[in-house]
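Under our numbering, the very last position in the sequence shown is 411; numbers go up by exactly one each time. We put the CB at the ideal spot given by N, CA and C, even for glycine. As structure tokens, the structure follows; a few thoughts come after it.
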Amino acid sequence: MKLQISDNAACSLAGLAIAARLVHGVVVDLPELLNAGWLAILLGGAIAAIPALALCALLKQRRSASVLACIAHPLRRVTCAAFFALIACDAAVVSSAIADSASIMALTDVAAVYLMLPLLAICLACLRLNGDALGRSAAIWNRALPWLLLLVIVLEFRDYRFNWLTPVLGPGVSTLLDGAVRAAGWLSLPAALFLTAVPDERNVHSHLLPLKALESSAGFAVLVALMYGMMTPAIPDSSLFSRSFRLDTLLANGRTGLSLQLPTNVLWYVSLLYALLFDVFTSAAMLQGALPRFGNRTCTVLALFAISLLSVSRLSGRAPGLRAAVWLFPCIGLLLSILMISVFFAKGARKHV
């Protein structure tokens, strides 16, 4: 049995997961953007539209199987191995983010491994249901999410300050562009999932779903970044630029009442859990593509083991994660370009025959 997901399920899971990943990356790990993170997300979305269009072109060329199934065997293994490394590193960052968030709300220091092990056990149980179950559950949460977000806006609206969004360009154009490149990399992560997705015959426009996932992810992340900017003033003191401080201002907002914190925390933790499920499932599917003789359980366990090791290492910290994020967009763009060239030549060879 193989790890498998349909296009519609992939769109639901990827849209939710990448929005959460983008919010964490821009709002928590890039405080130097001040309150102009929403603008970096918009710029990143414009940059990420280029590989998204290339992915749509690849999806349009397939027939009844996934894109990777149509690629030559050696190239498919190398591509899957590269995507596995990228997604596993991102999963470690997300796992660390959930552990840090739990430590902040518990007001105590707990070893990260004790917070991550239950998460990874949940991922192992969820992945046994395969990709479509994850995608359908994400679709259900996507329907409830706007109403919960509206509740947060209503409860906290009186505390918002629109003037805290200024200056509009925040720290300047160069810093915004640097943040936009990282945001484009996080927005390009769904490419790995859609490459393994099986086409849905009921949806004739299924090849356009990556653009839909991109739009939904960027739109949700921009809204959250704007809300955070109006909730907390920009603080230029670099000594406060830590994950703990940013998470505290995001989740507790100065230790406000429980009625204000509860819906925010539900949004945050559930969305991050889906981000972790997205990364774990995608990394396991890519590992299975690189090692086709291995079954889904073996690949899932190996992927979780690799993510566990990365999660408790220094590579999941803020500084290493941000340094790696700079190269995420170029790496994904290069992999998609190689796949497009191989598909083009393969299609030309078939026409010649």
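query, result
"Within the chosen definition, does the region 268-279 reach the region 140-150 through at least 3 CB pairs nearer than 8 Å?", "no"
"What did DSSP end up calling residue 136 once you bin it into helix, strand or coil?", "helix"
"Measuring only the C-alpha atoms, how far is residue 128 from residue 252?", "13 Å"
"What did DSSP end up calling residue 64 once you bin it into helix, strand or coil?", "strand"
"Going by DSSP, which residues form a beta bridge with residue 256?", "64"
"Any heavy atom of the ligand NAD inside 8 Å of the beta-carbon of residue 66?", "The ligand NAD is not part of this structure, which contains no ligands at all."
"If we call anything under 9 Å between Cβ atoms a contact, is residue 308 one with residue 207?", "no"
"Nearest to residue 393 by CA position, among 86, 177, 134, is which residue?", "134"
"Please report the straight-line C-alpha distance between residue 116 and residue 249, rounded to a whole angstrom.", "10 Å"
"Just tell me which of 353, 283, 155, 279 has its CA closest to the CA of residue 188.", "353"
"Go through its chain and collect everything with a Cβ distance to residue 145's Cβ below 6 Å, but skip five positions before and after it.", "250, 337, 340, 341"
"Can residue 62 and residue 290 be called in contact, C-beta distance under 9 Å?", "no"
"Exposed or buried, residue 221, counting other C-beta atoms within 10 Å across all chains shown (16 or more means buried)?", "exposed"
"With contact counted as at least three CB pairs below 8 Å, one residue from each stretch, are the region 88-98 and the region 233-244 in contact?", "yes"
"Could you tell me the alpha carbon to alpha carbon distance between residue 373 and residue 379, rounded to whole angstroms?", "7 Å"
"Which residue wins for smallest C-alpha separation from residue 286, given the options 107, 215, 191, 153?", "215"
"Are the CB atoms of residue 328 and residue 244 within a distance shorter than 9 Å?", "no"
"Is DSSP giving residue 351 helix, strand or coil here?", "coil"
"Where does residue 299 fall in DSSP's three states?", "coil"
"State the CB to CB distance for the pair residue 334 and residue 99, rounded to an integer number of angstroms; the pair is presumed to be in contact (CB under 8 Å).", "With a Cβ gap of about 21 Å, residue 334 and residue 99 do not count as contacting."
"Would you mind giving the Cβ-Cβ distance between residue 137 and residue 397, rounded to the nearest angstrom? I have them listed as a contact below 8 Å.", "6 Å"
"Using only CA atoms, which one of 209, 95, 120 lies nearest to residue 401?", "120"
"In the DSSP assignment, find the alpha helix (DSSP H) that holds residue 102 and state where it starts and stops.", "95-119"
"Using only the alpha-carbon positions, how far apart do residue 363 and residue 152 sit?", "15 Å"
"To the nearest angstrom, report how far apart residue 332 and residue 71 are at their CA atoms.", "7 Å"
"Does the Cβ of residue 257 have 16 or more other Cβ atoms within 10 Å, making it buried, or fewer, making it exposed?", "buried"
"Does DSSP put residue 408 in a helix, a strand or coil?", "Any reading at residue 408 needs caution, since the residue's pLDDT is 47, under 50, leaving its predicted position unreliable; the model's value is listed next. Note: residue 408 maps to helix in three-state DSSP."
"So what does DSSP say about residue 124, is it helix, strand or coil?", "coil"
"If the criterion is Cβ atoms closer than 9 Å, does the pair residue 265 and residue 114 meet it?", "yes"
"Should residue 154 go down as buried or exposed, given a rule of 16 or more other Cβ atoms within 10 Å for buried?", "buried"
"Below 6 Å CB to CB, which residues in the same chain sit around residue 321 once its five sequence neighbours on both sides are set aside?", "206, 209, 210"
"According to DSSP, simplified to helix, strand and coil, what is residue 130?", "coil"
"Compare the beta carbon distance of residue 197 and residue 67 with 9 Å and say whether it is the shorter of the two.", "yes"
"Give me, in chain order, the residues of the same chain whose beta-carbon lies closer than 6 Å to that of residue 409; leave out the 5 immediate sequence neighbours on both sides.", "Here residue 409 scores only 44 on pLDDT, less than 50, and its place in the model should not be relied on; the value that follows carries that caveat. Excluding positions up to five away in sequence, the list is empty."
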